[in-house]
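The structure under discussion appears below in the form of structure tokens.
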Amino acid sequence: MSKLQIPQTPASYPDAAFVDGAGKPVKLSDFKGQAVVLNLWATWCAPCVKEMPTLAALQTAEAAKGVKVVALSADSAGQTDKAKAFIAAHAPLTFYQDTKFAVPSAITPHIDGFPTTLLYDRQGRLRGLVQGDAVWDSPEAKAVAEKLAAL
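In my numbering, each residue carries its 1-based index in the sequence shown increased by 505.
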């Protein structure tokens, strides 16, 4: 968690839509009431691929405490099947995709690349940001997720 940045002013969820595995529109506000660990990733991003098993482990460990890991693929529409298969291999994560980069473009503060993980509290306020890969199943990351769920 050495890359964890705490924003001075907590921004709200970006009001941008993406889709779930069935192609249904979803917004981050649909997860209000849960602490959201929003991970922006793509199959072409080696650090993203490397950290995904740890995000799956975090979801398994923290789901009962109200933490939802939203792994949002930025893969192109032509890579949807590849991205879906990748997430399917990392249960219990659910597939979400944003082929138009609507969410990354709407995020405040601006992000610099992938992977980027944003930490939102139960009210939808940004409480932390990690640019680059991290070990999400470490004791430190679990402590951050639990603190987030308590806010």
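Beta carbons are placed, not taken as given, at the ideal position from N, Cα and C, and that holds for glycine.
Asked                                                                                          : Found
Cβ contact (3+ pairs, closer than 8 Å) linking the region 553 to 561 and the region 620 to 639 : yes
Span separating the alpha-carbon of D580 from that of Q513                                     : 31 Å
Beta-carbon proximity check, C553 vs F619, cutoff 8 Å                                          : yes
8 Å Cβ cutoff met for V575 and V542                                                            : yes
Per-residue burial, K529 [other beta carbons within 10 Å of its own, 16 or more giving buried] : exposed
Backbone secondary structure at C575 - three-state DSSP                                        : Residue identity differs from the one stated: residue 575 is Val in this sequence, not Cys. Residue state, collapsed to three classes: strand.
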